[in-house]
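Engineer: In order, the protein sequences belong to chains C and Z. Under this note's numbering, the first residue of the first sequence carries the number 1, and numbering increases by one thereafter. Under this note's numbering, the first residue of the second sequence carries the number 1, and numbering increases by one thereafter. Okay, handing you the structure first.
There are 2 protein chains.
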Amino acid sequence: MQISSRFSVAVHVLSLLALPEQDGVLLTSERMAGSVNTNPVVIRRILGQLKKAGLVEVRPASGGTFLTRQPATITLLEVYRAVEVVEEGQLFSVHDKPNPACLVGRHIQSALDDTLQRAQTALEQVLAHTTLQQVTTDIAAKALIA
Amino acid sequence: MQISSRFSVAVHVLSLLALPEQDGVLLTSERMAGSVNTNPVVIRRILGQLKKAGLVEVRPASGGTFLTRQPATITLLEVYRAVEVVEEGQLFSVHDKPNPACLVGRHIQSALDDTLQRAQTALEQVLAHTTLQQVTTDIAAKALIA
DNA sequence: CAATTTGTAACAAAGGTAGTTACAATGCTA
DNA sequence: TAGCATTGTAACTACCTTTGTTACAAATTG
Chain C
1 MQISSRFSVA VHVLSLLALP EQDGVLLTSE RMAGSVNTNP VVIRRILGQL
51 KKAGLVEVRP ASGGTFLTRQ PATITLLEVY RAVEVVEEGQ LFSVHDKPNP
101 ACLVGRHIQS ALDDTLQRAQ TALEQVLAHT TLQQVTTDIA AKALIA
Chain Z
1 MQISSRFSVA VHVLSLLALP EQDGVLLTSE RMAGSVNTNP VVIRRILGQL
51 KKAGLVEVRP ASGGTFLTRQ PATITLLEVY RAVEVVEEGQ LFSVHDKPNP
101 ACLVGRHIQS ALDDTLQRAQ TALEQVLAHT TLQQVTTDIA AKALIA
């Protein structure tokens with residue numbers, strides 16, 4: 001099991017928007033797809049989710065796509081939520097009908113729940129403390145070295 | 001996307017082994033399946049993984065199944081690894097062929113990798129600090145209250 | 001008004017999960 | 001030692017999610 005690459009693709013797309021290559025060329029789903037190496041429809045679907053979350057503004061036709069906020073104010077947790085790769089609070093699936101006639105069956109869900117929630121929250125907090133700007137700064141830094 | 005319930009089922013099964021109901025009845029895959037509410041083969045597959053990881057000893061026929069270690073020394077991270085719900089270091093899937101002709105495409109993977117690894121490790125550390133004994137103690141405590 | 005692009009539906013292929021049946025191999029136990 | 005319950009495993013199914021694809025109406029710029 002893996003968390004869908006929709007998340008990494010979304011971060012990729014947002015990085016493209018945050019680091020415009022300035023050649024005045026319109027950044028269409030087609031061009032983004034070229035950078036990510038996927039199909040333009042995949043990009044449009046993700047842009048639709050980012051739009052719904054209020055992270056980008058997308059105008060049909062040759063209207064262009066823009067970030068609605070500064071990269072420093074956008075956290076990876078917001079992106080993670082936006083693309084709905086994991087339903088909130090549901091990273092771990094727990095078998096749903098344990099036998100209530102059994103001591104363990106009766107209490108396993110609540111006994112596990114606290115730990116699983118904490119594990120999940122720990123992961124999310126790392127994402128919450130990383131911004132889009134940190135990612136683009138890192139990309140730019142690596143570009144200078146190489 | 002969710003992490004397979006193999007993990008929660010494995011913890012359930014280990015709890016059954018740690019909290020024997022003492023009626024002298026053999027704890028077969030059939031009985032465990034009754035407590036989890038699934039098929040005995042599902043239980044046997046998971047027991048096979050726990051055995052491979054050295055957490056339990058399973059003897060065919062009426063040999064019985066036992067923990068090989070004290071519940072206090074078994075962490076949920078070991079169980080998580082044993083049932084292989086997530087390949088090591090691969091919780092997040094990252095699109096694998098970004099375009100190297102593009103600045104972002106060239107560096108997105110390494111720019112994301114550090115954060116994603118830290119997020120994953122944060123989750124695993126919570127599991128590493130929770131033992132089977134804590135789970136069974138919690139189950140027993142809840143049983144007294146209810 | 002023409003050309004381009006977005007938004008979205010519909011579909012397919014691939015892979016993982018969970019459940020099921022079936023049966024050979026194993027090893028207690030009487 | 002023979003019988004019997006149980007394990008280990010293969011094979012199959014149904015279902016769901018992910019990713020990629022084609023197709024086309026709706027929108028908007030210029």
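Cβ atoms here follow ideal geometry from the backbone N, Cα and C, with glycine treated the same way. Keep in mind that this is a model prediction, so the values were computed, not measured.
Taking the continuous alpha helix (DSSP H) assigned at valine 56 of chain Z, which residues delimit it?
Structural biologist: Taken as a continuous stretch (DSSP letters only), valine 56 of chain Z belongs to no alpha helix (DSSP H), being part of the beta strand (DSSP E) at 56 to 59.
Engineer: Got a sec? Which residues, its chain only, sit under 6 Å from valine 162 of chain Z by beta carbon, not counting five neighbours each side?
Structural biologist: Any answer about residue 162 of chain Z is impossible in this case: the structure gives chain Z only from 1 up to 146.
Engineer: Between asparagine 99 of chain Z and chain C, is any beta-carbon pair separated by less than 8 Å?
Structural biologist: yes
Engineer: Closer than 9 Å, Cβ to Cβ, to anything on chain Z: give me those residues from the segment 116 to 128 of chain C, in chain order.
Structural biologist: Leu116, Arg118, Ala119, Gln120, Thr121, Ala122, Leu123, Glu124, Gln125, Val126 and Leu127
Engineer: Distance check for asparagine 39 of chain Z and arginine 31 of chain Z, CA to CA, integer angstroms please.
Structural biologist: Straight through space, the alpha carbons of asparagine 39 of chain Z and arginine 31 of chain Z are spaced by roughly 10 Å.
Engineer: Considering Cα atoms alone, identify which of Z/Arg106, Z/Thr131, Z/Leu127 and Z/Gln120 is closest to leucine 144 of chain C.
Structural biologist: Z/Arg106
Engineer: By a C-beta neighbour count over all protein chains shown, 10 Å radius and 16 as the cutoff for buried, is serine 62 of chain C buried or exposed?
Structural biologist: exposed
Engineer: Give a yes or no on whether the minimum CB-CB distance between serine 29 of chain Z and chain C is below 8 Å.
Structural biologist: no
Engineer: With a CB to CB cut of under 8 Å and the five nearest residues on each side skipped, what residues in its chain are close to valine 13 of chain Z?
Structural biologist: Met32, Val36, Ile43, Ile46, Leu47 and Leu50
Engineer: Which of the three DSSP states, helix, strand or coil, is assigned to threonine 65 of chain C?
Structural biologist: It is a strand residue.
Engineer: Give the straight-line distance between the Cα atoms of arginine 118 of chain Z and methionine 1 of chain C, rounded to the nearest whole angstrom.
Structural biologist: 18 Å
Engineer: On the premise that threonine 130 of chain Z lies in contact with threonine 68 of chain Z, defined as a C-beta separation below 8 Å, what is that separation, rounded to the nearest angstrom?
Structural biologist: So it is not a contact: roughly 19 Å between Cβ atoms.
Engineer: In chain Z, what lies closer than 8 Å to leucine 112 of chain C by C-beta?
Structural biologist: Ser8, Val11 and Val135
Engineer: With a CB to CB cut of under 8 Å and the five nearest residues on each side skipped, what residues in its chain are close to alanine 155 of chain C?
Structural biologist: One cannot answer for residue 155 of chain C here, as it falls past the ends of chain C, which runs 1 to 146.
Engineer: Under 7 Å Cβ to Cβ from valine 58 of chain C, same chain only, skipping five residues before and after it: list those, please.
Structural biologist: Leu47, Lys51 and Thr65
Engineer: Please report the distance separating the alpha-carbon of glutamine 90 of chain Z from that of leucine 27 of chain C.
Structural biologist: 31 Å
Engineer: Report the residue from Z/Glu124, Z/Ala72 and Z/Asn99 whose alpha carbon sits nearest the alpha carbon of glutamate 87 of chain Z.
Structural biologist: Z/Glu124
Engineer: Quick one: using the 10 Å Cβ neighbour count with 16 as the cut-off for buried, is proline 98 of chain C buried or exposed?
Structural biologist: buried
Engineer: Please report the residue range of the alpha helix (DSSP H) in which valine 94 of chain Z lies.
Structural biologist: Looking at the DSSP string, valine 94 of chain Z is not in any alpha helix (DSSP H), and its letter there is neither H nor E.
Engineer: Would you tell me roughly how many angstroms separate the C-alpha atoms of alanine 10 of chain C and glutamine 70 of chain C, rounded to the nearest one?
Structural biologist: 16 Å
Engineer: Identify every residue that forms a DSSP beta bridge with isoleucine 3 of chain C.
Structural biologist: Z/Phe92
Engineer: List, in order along the chain, the chain Z residues whose C-beta lies closer than 8 Å to that of isoleucine 151 of chain C?
Structural biologist: Past the edges of chain C, shown from 1 to 146, lies residue 151 of chain C, and the structure says nothing about it.
Engineer: How would you call serine 110 of chain Z, buried or exposed, if buried means at least 16 neighbouring beta carbons within 10 angstroms?
Structural biologist: Counting Cβ neighbours within 10 Å, serine 110 of chain Z comes out exposed, since fewer than 16 surround it.
Engineer: List the residues of chain C that alanine 143 of chain Z touches, going by C-beta distances under 8 Å, in chain order.
Structural biologist: Leu103, Arg106 and His107
Engineer: Please decide whether valine 36 of chain Z counts as near chain C, where near means a Cβ-Cβ distance under 8 Å.
Structural biologist: yes
Engineer: Taking only three categories from DSSP, how would you classify threonine 75 of chain C?
Structural biologist: strand
Engineer: Based on the DSSP output, what are the partners of threonine 131 of chain C in its beta bridges?
Structural biologist: C/Thr75
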